[in-house]
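Q: Here you go, one structure.
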Amino acid sequence: MSTPSVFEGSDGRFVATEFGRGPWDPQALHGGAPAALLMRAFEQLPAADDLKLARVTYEFMRPAPVGALEIRAEVVRPGRRVQLLEASILADGTEVVRARALQIKEADAGDFRDGNTPPPPGPEEGRLAELRLPHRPMFFPDAIEIRFVRGSWGGGPCTAWFRLQSPIVGRETPSALQRLAAAGDFGNGISANLSWDDYLYINPDLTLYVEREPVGEWICLESETRISTDGVGMAESVLYDQRGRVGRATQALLVAPRR
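Add 2 to the 1-based position in the sequence shown for my numbering, that's all there is to it.
Structure below.
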């Protein structure tokens, strides 16, 4: 990874770079950037080797800014079979993103095994995503690459592969779960079914369910957005690596006219 990192710093204090920016505000981060940073914070908390992360829920309380940030993370409910973790990102002392993670002890499922759901066509069969960009650099396309294998931006249900091109922090190689978190927040964006020029699509949350840790650089989202008549929506994505299904991502949505 030769491009600059999304965050610089350590020991709970970081500076978000322009490589984490989203499309709406040049001073605000795309949700995938803080999601990956908080995933890193969870991974650094003490845990038994046989506890595996099963779920993370993020609440995007305010726009996370480009600039100085503070990270806090702790184990709030220790346990041998189940642990609950919490983490936050603060900017100027104000909490902007909050996350809770659930770790579960590995266990023997006996003879029961679900068949592995095969992945969609691979990224080598995809086409590079193209989008009118309001500023550069941005999280997409400068820190993360997207290749569509079904559908396209804003055209309803679609399938796309994602690959981080930048480290999340410094010169570190992103972990599998950090890659998953970075990609997981794109579901509502790629599968929007109303015009971005005419409507706001605001996702105040993101929940990742992890069936197994992904393998390799590529993460696939098979995404669909549903919108009720009162403007409340939901985006759902099945998550894959190149071996098969790894989990699911869900996002609640506020959809409203821009006028």
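Ideal Cβ placement from N, Cα and C applies to all residues, glycine included.
All values derive from a computational prediction rather than experimental measurement.
Which whole-angstrom value is the C-beta distance of Ala37 and Leu256, which I expect to be below 8 Å?
A: 18 Å between Cβ atoms; not a contact.
Q: Cα separation between Gly191 and Ala35?
A: Answer to the nearest angstrom: the Cα atoms are 15 Å apart.
Q: Does the distance from the CB of Leu31 to the CB of Pro6 come in under 9 Å?
A: Cβ atoms of Leu31 and Pro6: not closer than 9 Å.
Q: What does the alpha-carbon distance come out to for the pair Ser154 and Leu87?
A: Straight-line Cα distance between these residues: approximately 36 Å.
Q: Considering Gly186, what are the terminal residues of the alpha helix (DSSP H) in which it resides?
A: That run of the alpha helix (DSSP H) goes Ala178 to Gly186.
Q: Span of the beta strand (DSSP E) holding Met263?
A: Coverage of the chain is limited to positions 3 through 261, which leaves residue 263 absent and any answer about it impossible.
Q: Should Val151 and Pro120 be called a contact, given that it needs their Cβ atoms to be closer than 9 Å?
A: No, they are not a contact pair.
Q: Does the contact criterion of 3 or more C-beta pairs under 8 Å hold for the stretch 131 to 143 versus the stretch 76 to 94?
A: Touching, no, given that fewer than three Cβ pairs across the two stretches are closer than 8 Å.
Q: Tell me the rounded alpha-carbon separation between Thr231 and Glu224.
A: Looking at the two C-alpha atoms, the distance is approximately 24 Å.
Q: In the structure shown, what three-state DSSP assignment does Gly11 receive?
A: If DSSP states are grouped into helix, strand and coil, Gly11 belongs with the strands.
Q: Using the C-alpha atoms, what's the distance from Ser197 back to Glu108?
A: Cα-Cα distance, rounded: 44 Å.
Q: On the DSSP letters alone, give me the boundaries of the alpha helix (DSSP H) that Gly189 sits inside.
A: Unbroken alpha helix (DSSP H) run through Gly189: Gly189 to Ile192.
Q: Within 10 angstroms of the Cβ of Trp1, are there 16 or more other Cβ atoms? Answer buried if so, exposed if not.
A: Here the chain has residues from 3 to 261 only, and residue 1 is not among them.
Q: Are the beta-carbon atoms belonging to Phe44 and Ala103 less than 9 Å from one another?
A: Yes; because the gap between Cβ atoms is below 9 Å, this pair is in contact.
Q: Here's a check: name, in chain order, each residue in its chain whose Cβ is nearer than 7 Å to the Cβ of Cys160, leaving out the five neighbours to either side.
A: Excluding residues within five positions, the ones whose Cβ falls inside 7 Å are Phe150, Arg152, Gly153, Ser154, Ile192, Ser193 and Ser225.
Q: Taking the DSSP output, what are the residues bridged to Ala209?
A: Correcting the residue type first, residue 209 is Thr in the shown sequence and not Ala. Note: Thr209 sits in a beta bridge opposite Thr59 and Thr252.
Q: Kindly identify the DSSP beta-bridge partner or partners of Gly105.
A: It should be noted that the sequence gives Gln, not Gly, for residue 105. In the DSSP output, where bridge partners are listed per residue, Gln105 has Leu55 and Gln85.
Q: Looking at Ile221: is its Cβ nearer than 9 Å to the Cβ of Ala254?
A: Not in contact: Ile221 and Ala254 (Cβ atoms no closer than 9 Å).
Q: Say whether the stretch 10 to 18 touches the stretch 44 to 63, bearing in mind that this needs 3 or more beta-carbon pairs closer than 8 Å, one atom from each stretch.
A: Segments in contact, no.
Q: Less than 8 Å between the CB atoms is what I'm expecting for Met63 and Glu97, so what's the real figure, rounded?
A: At roughly 6 Å, the Cβ-Cβ gap stays under 8 Å, so Met63 and Glu97 are in contact.
Q: Sort Leu39, Ala258 and Glu20 by Cα distance to Tyr60 and report the nearest one.
A: Ranking the options by Cα distance to Tyr60, first place goes to Leu39.
Q: Where does Arg260 land, buried or exposed, given buried means 16+ other C-beta within 10 angstroms?
A: Flag for Arg260 reads exposed.
Q: Does DSSP put Pro1 in a helix, in a strand, or in coil?
A: The chain is shown only over 3 to 261; residue 1 falls outside these bounds and no answer can be derived.
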